[in-house]
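Each protein sequence line maps, in turn, to chains A and B.
The opening position of the first sequence corresponds to residue 22 in my numbering, with each subsequent residue numbered one higher.
The opening position of the second sequence corresponds to residue 622 in my numbering, with each subsequent residue numbered one higher.
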Amino acid sequence: MTRRKWREWTLTLPSMGWLVFFFVLPTFLVALIAFKPRSLGGGIGEGWTMATWLDILQPSYPLVVWRTLWLSAATTALCLLLAIPVAYWLARLSQELRNWMLLLIILPFWTNFLIRIFAWWSLLHSEGCLKHTLVWLGLASPNTQLLYNEWAVLLVLVYTELPFAILPLFASAEKFDFGLLDAARDLGATRFQAFRKVFLPGVRQGMLTAFVVVFIPALGSYAVPEIVGGPTSEMVGNKIAQKVFVDRNLPHASALATLLALVVLLPVIYSIFMRRIKTTQRGGKRS
Amino acid sequence: MSRIRRNSRLPLFVSIFVMVFLYAPILVLVLYSFNDSRYPGAWNGFTLKWYRTLLEAHTVEARDIWRATRNTLTVAFSATLISMVLGTMAAWALYRFRSRLQKFHQALIYAPLVVPDILMGISLLMLFVNLSMKLGLTTIIIAHTTFCISYVALVVFGRLQDFDHTLVDAARDLGANNWNVGRRVLFPLLGPGIIAGGMLAFTLSVDDFVVTFFTSGPGSTTLPVQVYSMMRRGTPTLINALSVIFILVTFSVVIVSQRMIQKRNSTHSRV
Chain A
22 MTRRKWREWT LTLPSMGWLV FFFVLPTFLV ALIAFKPRSL GGGIGEGWTM ATWLDILQPS
82 YPLVVWRTLW LSAATTALCL LLAIPVAYWL ARLSQELRNW MLLLIILPFW TNFLIRIFAW
142 WSLLHSEGCL KHTLVWLGLA SPNTQLLYNE WAVLLVLVYT ELPFAILPLF ASAEKFDFGL
202 LDAARDLGAT RFQAFRKVFL PGVRQGMLTA FVVVFIPALG SYAVPEIVGG PTSEMVGNKI
262 AQKVFVDRNL PHASALATLL ALVVLLPVIY SIFMRRIKTT QRGGKRS
Chain B
622 MSRIRRNSRL PLFVSIFVMV FLYAPILVLV LYSFNDSRYP GAWNGFTLKW YRTLLEAHTV
682 EARDIWRATR NTLTVAFSAT LISMVLGTMA AWALYRFRSR LQKFHQALIY APLVVPDILM
742 GISLLMLFVN LSMKLGLTTI IIAHTTFCIS YVALVVFGRL QDFDHTLVDA ARDLGANNWN
802 VGRRVLFPLL GPGIIAGGML AFTLSVDDFV VTFFTSGPGS TTLPVQVYSM MRRGTPTLIN
862 ALSVIFILVT FSVVIVSQRM IQKRNSTHSR V
């Protein structure tokens, strides 16, 4: 081995070894355990079985999977809907004001994740002030339950994911040449047409990144539906935790996790594919 | 037939709405922390008793919170330190070498960033169960290090993009040995990036709930897990006060570090 090769390996091996052992290996382990029977003590038994997978096809799961998918999709859509105007607004501010506004947007997200969910929990609580206000305004009856339903989960998911949509969109909008919008208007486009046909394609890369960084974590949501959702608004993440901590059925939890991993993998492969196309395009331009 | 074109006000209105949306829950939380009532909702007058209970730590709950705080800091410091070393080495390797090995290495670094917390949590739990490791602070530190490495590597790698490697060669030509190159050239130039990566790792570690929830054992709870179990038991009054202290600390750290970055940028542009 050359000296250079040896240096490369000594620099690479620590992080690579760590990630192979604590990230890649466990991922395959989970996929393997999904084919193991469960032992009586709540552990993993000997031999191999397909029983867990047959179990998963039981009727209650399609509903949970469907809910996970639509809640994640709705979260992503709402985040994009809010983040695009914000990114547009931010990008047109003066440099100094923009930095402060950006800080103001990020600041709430430096508060602890769980504390933010807790804040919503107490706000939506049946004794909370939002409920009292709604009742006072005549918009809700005293029996209305704001917490523990799918809408509460959606609301808080949007709250926790929103900055992850704003940041990549802002990064794209910042590079966007706003003179193009004026040009479109001069050529007779309406304000909305210019926005839709010039600005949106201009920030496409930001939209794509925002989609990936919101949709994937949303699919794996656990804490939000656990706290503000009830038994009727569980997502796949809650089922996994339930199988681990309540039912003590590790193979079952592993099978669910494998399923979730497969669903997550689809947009990842898509985004890698898109990036590959983009880099080949860029490489083509350079040569 | 010229008319003055006005920009749409819609982005402004949406942005104001978003700001209110972002801050409203936090403001309510701060208000509740001064509320003299065990339940959120009814305002029973101003009090500081929740803060007093928390700081005096006479009750079991308050003592649990302080123990969880200690655990959180132990985990965060350890995970940050390990991931700073491993992440910086990884970034340097990615920067210096272009080989098939580094392509694989890079994919490995990026992968944890896109995997949902719960998958990382359960897979590490399965590993620890299979290795018969006792769940506790050690397992939490391992878990946190695993996701922190990627973030540190990414931040340092980003800084390395503007790093001019000829400086190292120049220092070598001028007779500097490895130690001097490291101390006089690499550290001053890369230090800020490594520290920024470390700060990110630290906040991510303190913030983490899901991965910790899966990899912690009895008695080794961190603050987020502690907050969660207090919420479940339905005694959230202390959490309000705790949250406000938490928010104050993080906000001031963020603002101070932001100031530092801005100052450094302005001195940079002057040079």
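Heads up, the beta-carbon is just placed ideally off N, CA and C, and yes, glycines get one too.
Residue i vs residue j beta-carbon contact at 9 Å
i                 : j                 : result
Gly742 of chain B : Thr836 of chain B : yes
Val107 of chain A : Ile187 of chain A : yes
Leu748 of chain B : Leu50 of chain A  : yes
Gln226 of chain A : Ser193 of chain A : yes
Leu111 of chain A : Ser654 of chain B : no
Trp825 of chain B : Phe768 of chain B : In the sequence under discussion, the amino acid at residue 825 of chain B is Leu, which differs from the Trp named in the question. Closer than 9 Å, so yes.
Tyr243 of chain A : Ala274 of chain A : no
Thr48 of chain A  : Ser744 of chain B : yes
Leu90 of chain A  : Val233 of chain A : no
Trp121 of chain A : Val875 of chain B : no
Val235 of chain A : Leu92 of chain A  : no
Leu648 of chain B : Ser864 of chain B : no
Ala239 of chain A : Pro189 of chain A : no
Leu722 of chain B : Thr33 of chain A  : yes
Span separating the alpha-carbon of residue i from that of residue j
i                 : j                 : result
Leu144 of chain A : Val156 of chain A : 14 Å
Arg804 of chain B : Ala797 of chain B : 10 Å
Ile290 of chain A : Asn656 of chain B : 50 Å
Gly68 of chain A  : Asn270 of chain A : 16 Å
Thr31 of chain A  : Thr23 of chain A  : 12 Å
Phe667 of chain B : Ser878 of chain B : 33 Å
Val267 of chain A : Pro222 of chain A : 48 Å
Glu195 of chain A : Ala98 of chain A  : 21 Å
Contacts of residue i in chain A (Cβ-Cβ under 9 Å)
i                 : result
Tyr772 of chain B : Within 9 Å Cβ-Cβ: nothing; Tyr772 of chain B doesn't reach chain A, min ~12 Å.
Closer than 9 Å to chain A by CB, residue i
i                 : result
Phe835 of chain B : yes
Val641 of chain B : no
Trp713 of chain B : yes
Ser841 of chain B : no
Asp685 of chain B : no
Ala822 of chain B : no
Contact with chain B by residue i, beta-carbon distance below 9 Å
i                 : result
Thr300 of chain A : no
Arg269 of chain A : no
Arg297 of chain A : no
Glu29 of chain A  : yes
Ala262 of chain A : yes
Ile362 of chain A : The requested residue 362 of chain A does not occur in the structure, where chain A is confined to residues 22 to 308.
Phe294 of chain A : no
Element boundaries [alpha helix (DSSP H), containing residue i]
i                 : result
Lys218 of chain A : That residue, Lys218 of chain A, is in no alpha helix (DSSP H); it is neither H nor E in DSSP.
Tyr109 of chain A : 81–112
Asn692 of chain B : 681–717
Ile743 of chain B : 738–751
Ser636 of chain B : 631–653
Phe134 of chain A : 134–145
Trp172 of chain A : 171–196
Ala792 of chain B : 787–794
Val41 of chain A  : First-last for Val41 of chain A: undefined, no H or E at that position.
Chain-ordered chain B contacts of residue i [CB-CB under 9 Å]
i                 : result
Asn133 of chain A : Val827, Asp828, Phe830, Leu844, Pro845, Val848, Ser864, Phe867, Ile868, Thr871
Contacts that residue i makes with chain A (C-beta to C-beta distance below 8 Å)
i                 : result
Met852 of chain B : Phe139, Trp142, Ile248
Gln879 of chain B : Leu124
Tyr644 of chain B : Pro129
Chain-ordered chain A contacts of residue i [CB-CB under 7 Å]
i                 : result
His726 of chain B : Thr33, Met37
Ser636 of chain B : Pro106, Val107, Trp110
Ile860 of chain B : Phe139
Residues that residue i contacts on chain B, provided the C-beta gap is smaller than 7 Å
i                 : result
Thr48 of chain A  : Ser744
Ala244 of chain A : Phe830, Val831
Leu128 of chain A : Phe872, Val875
Ile54 of chain A  : Met747
Any non-hydrogen atom of the ligand PLP within 8 Å of residue i CB
i                 : result
Ala683 of chain B : Among the components of this structure there are no ligands whatsoever, and the ligand PLP is therefore not found.
Within chain B, the residues that residue i reaches when beta carbons sit closer than 8 Å
i                 : result
Ser275 of chain A : Ile743, Met747
Pro238 of chain A : Pro737, Asp738
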